[in-house]
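What follows is a short report on a single structure.
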Amino acid sequence: MMPEAQTFTIEKFLGINKSATETLLEPGEASDMTNWIITDDMKLQKTSGYERLFESLGKRINGLWYGSLSGTAHFLFAAGGHVYEHNLKTGANTDLGTLQDVYPTTFWVTNNTVYIMDGDELYFWPGTGNIEAVLGYVPTVLTASPPTGGGTLLEGINYLSGTKIQRFSADGTSVYQLAELNVDSVDRVTVFGVEKTPGSDYTADLVTGTISFTTPPGAGVNNVIITWTKVLAEDRKKITKNRYFGGVYYARMWLYGNPDHKNTRYASGVTMAGVSDPSYWPKFTDSDVGEYEISDIVIQYNKQLIFTTGNDSEASAWYSEQETFTDYATGLVTTLFPVYPMNTKIGNLAKGQTQVIYNNPFTVWKGIYEWVSTNVLNEKNAQWISRKIQNDLDKVDLTTAITADWSDRGLYLICVGKRIWVLNYRVDAWYVLDLPHTPTCFVLAEAGLYFGTEEGLIMRFDDNIKTFDGELINAVWKMGYYNFGIDWLQKFIQRIFISILPRIKTHVDISYQTDRDGSSDTLTAAYGLTNFDHVNFNNFSFKTNYGPQPFKFKIRAKKIDYFKIILTNDGDDAATVLSITLPVRAGAEVKRR
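Residue numbers (this note's numbering): 1029 to 1621.
Below, the structure written as structure tokens:
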């Protein structure tokens, strides 16, 4: 008599695990899976699809941005050397102006204004009109200067603009010495607030940097104000050639990614009025970080974290804190941002792609690492979280990866080419999406996920769409080979039970493999609810069962040692698998074949 069957059930699906051989996987783990997702209740669900917002413009989408300016939502994108605003309601695209056709084009926002970086110029857009180049704040570099020059330092020279202001306290003399020689122009001169006319009121010697008044100004404090310009050719490019935005830290915007200064970070300034101004980038406030190229800057709690690309064997990670220094001789207070080493082995390869999830940065460095604070002050551990998909990641160029945090769904995405690896970080399960299009950038808008493509399209994921922009989705889930904990005994399996969530239209195809046979017939669990959307009738009553639907199938798996289930759905319908149950009978000891 055969022994009583033992029940093997999968009720929790654990995602993909390629870190071990198939025979070592846990029940519920997949040796391979594509286009199935793991839900928050750990069920197996076919991924929803996406659709295009408009027909292709014929050029790659270089960047996306969505946000609110003065209470109005805007959706911007860069493609083909233009910036466009897309209306999510009407579908219309409005051309906002031209820039370089480069990837990536970076968008960031502050003070109700969007700033756009193309590696050649820094543009701004306040929500109306066209994009314009940022001209630059004009700093007052010296105050209380005597006519002979000098004075008290007030604001640093702006990298973006060669124009400066100097305030003089007149003493009855006629000649005033500017802080620079060989200036390009003297732009404005005022005395007691009254603008003076060049030629009749004063003359300027651009070589010596002096202003000579026809009538000496009367004595006063900061009563003579002179504005002049001297442009150094490379100053502005130090800012405009940056490619990435490092966030806001202590009222300062941070940029990096200048190809001529790869390990340099640049900080914006705070004006003498106490305003954080993204058009003001003071000279000599930039700083080099380590020896490797900076690949990302993010904020965690009260610290700025800086990651570098490194070389084949090592990288570096640093942290920075805000400090102040007071010069007791002058009373001048200077804000400093010194850096300190955090890790000398692990950094970040994918520029600008670090995501901060639950206040922990996720970086891409020969895998995915989560940076977790410890109980030791200023110490952080880099925890390797991509073990289950690492065999996949080892085969691709992670420097080209793009990432997203779909926080409303609890999903971290990393994409290389047409493949997206997704971590449901609420349940710690990885899965894979294989797309027919190549994403170039992601953006979250109205709690939804959008992405641009190499083909010049912008796609929107939608739970109600069952195709990838019209292409059928082929979903495959493969269990590892499993021996049910008794690899020395033969097994007999005669039935498979599978429960699926009922829908108007749904199906799952089931096949299996054993160590004795690599193929089987395909079994189909299909269910359909009657849809009367187009039926007009009266006095008709019915009851519909929306409860989980179990299916039983007879199979012939005899004298096997290992068993593997494969679930597929390649139609235009949705599918959710709730559980799989196998009654398994053990037999005699396995024999050599």
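Glycine included, C-beta positions come from ideal geometry on N, C-alpha and C. Because the structure is a prediction, the values reported are computed rather than measured.
Residue from the options whose Cα sits closest to the Cα of residue i
| i | options | result |
| --- | --- | --- |
| E1634 | T1171, H1110 and G1179 | Here the chain comprises residues numbered 1029 to 1621, so residue 1634 is not present and cannot be evaluated. |
| D1212 | N1330, D1148 and T1238 | T1238 |
| R1544 | Y1356, F1591 and W1346 | F1591 |
| G1556 | T1550, T1542, D1601 and T1201 | D1601 |
| F1196 | L1209, A1429 and L1182 | L1182 |
| A1642 | D1436, A1207 and N1502 | Residue 1642 lies beyond the stretch modelled for the chain, which goes from 1029 to 1621, so this question has no answer here. |
| W1346 | R1447, G1484 and E1321 | E1321 |
| N1186 | T1075, T1242, T1299 and K1269 | T1299 |
| L1234 | K1074, E1208, L1377 and I1253 | E1208 |
| T1550 | P1167, K1519 and I1594 | I1594 |
| R1280 | Y1272, K1269, K1266 and G1297 | G1297 |
| L1500 | S1096, Y1204, N1063 and K1040 | N1063 |
| T1176 | V1166, I1193 and Q1205 | Q1205 |
| P1464 | Y1386, G1086 and G1445 | G1445 |
| K1269 | D1146, T1049, N1339 and G1338 | D1146 |
| I1374 | L1610, Y1386, G1380 and I1334 | I1334 |
| L1360 | T1180, L1451, D1491 and G1615 | T1180 |
Cα-Cα separation between residue i and residue j, rounded to whole angstroms
| i | j | result |
| --- | --- | --- |
| K1258 | D1305 | 21 Å |
| K1262 | G1164 | The residue asked about is misnamed: residue 1262 is Glu in this sequence, not Lys. In a straight line, the C-alpha of E1262 is about 15 Å away from that of G1164. |
| R1216 | P1154 | 28 Å |
| D1316 | V1169 | 24 Å |
| F1632 | F1036 | This structure gives no information on residue 1632, because the portion of the chain shown stretches from 1029 to 1621. |
| T1336 | T1292 | 11 Å |
| Y1453 | T1382 | 15 Å |
| N1210 | V1162 | 25 Å |
| F1560 | P1530 | In this predicted model, F1560 has a pLDDT of only 47, less than 50, meaning its place in the structure is not dependable enough to derive any value. |
| H1562 | T1604 | Residue confidence is low: H1562 scores 45 on pLDDT, short of 50, so the model does not pin down where it sits. No coordinate-derived value is stated. |
| S1047 | L1053 | 9 Å |
| T1075 | E1319 | 43 Å |
| K1519 | A1585 | 8 Å |
| E1002 | E1079 | Only positions 1029 to 1621 of the chain appear in the structure, and residue 1002 is not among them; the question remains open. |
| N1045 | T1100 | 44 Å |
| E975 | Y1284 | The question about residue 975 has no answer here: the residues shown for the chain are numbered 1029 through 1621. |
| Q1541 | G1480 | 39 Å |
| Q1630 | S1059 | Nothing about residue 1630 can be read from this structure; the chain reaches only from 1029 to 1621. |
| P1287 | K1265 | 11 Å |
| D1462 | R1488 | 16 Å |
| Q1411 | T1126 | 43 Å |
| S1307 | L1188 | 7 Å |
| I1583 | Q1522 | 5 Å |
| T1051 | E1407 | 39 Å |
| R1447 | D1456 | 19 Å |
| N1387 | L1439 | 15 Å |
| A1343 | T1171 | 45 Å |
| Y1230 | T1242 | 5 Å |
| R1613 | T1468 | 51 Å |
| W1282 | G1275 | 6 Å |
N-terminal and C-terminal residue of the alpha helix (DSSP H) that residue i is part of
| i | result |
| --- | --- |
| R1622 | Outside the displayed range of the chain (1029 to 1621) lies residue 1622, so it cannot be described from this structure. |
| D1420 | Q1418 to L1421 |
Boundaries (first-last residue) of the beta strand (DSSP E) holding residue i
| i | result |
| --- | --- |
| L1472 | P1467 to A1473 |
| Q1194 | T1191 to F1196 |
| Q1205 | V1203 to Q1205 |
| Y1478 | G1476 to T1481 |
| K1533 | K1533 to T1542 |
| E1342 | Where E1342 is concerned, there is no enclosing beta strand (DSSP E), given that its DSSP letter is neither H nor E. |
| L1551 | L1551 to G1556 |
| E1351 | E1351 to T1354 |
| A1623 | It is not possible to answer for residue 1623, since the shown part of the chain is limited to 1029 through 1621. |
| V1326 | I1322 to Q1328 |
| V1361 | V1361 to L1364 |
| V1130 | Element bounds for V1130: n/a, residue is neither H nor E. |
| T1372 | Segment: none, T1372 is in no beta strand (DSSP E) and carries neither H nor E. |
| K1582 | Q1577 to I1588 |
| T1255 | V1252 to T1257 |
According to DSSP, residues forming a beta bridge with residue i
| i | result |
| --- | --- |
| W1412 | Y1397 |
| S1296 | Looking at the DSSP assignment, S1296 forms no beta bridge with any residue, so it has no partner. |
| M1070 | According to DSSP, which records beta bridges pairwise, M1070 is partnered with nothing at all. |
| L1441 | A1432 and V1450 |
| A1001 | Because the chain in this structure spans residues 1029 to 1621, residue 1001 falls outside the shown range and cannot be described. |
| V1137 | V1142 |
| W1064 | K1074 |
| N1121 | H1114 |
| I1501 | None, per the DSSP bridge assignment. |
Contact with chain B by residue i, beta-carbon distance below 7 Å
| i | result |
| --- | --- |
| A1198 | Among the chains in the structure shown there is no chain B, since it carries only a single protein chain. |
beta-carbon residue i near the ligand ADP non-hydrogen atom, thresh 6 Å
| i | result |
| --- | --- |
| Y1131 | No copy of the ligand ADP occurs in the structure displayed, which carries no ligand at all. |
My parser needs the alpha helix (DSSP H) runs of 4 or more residues fully inside the stretch 1144-1230; what are they?
none
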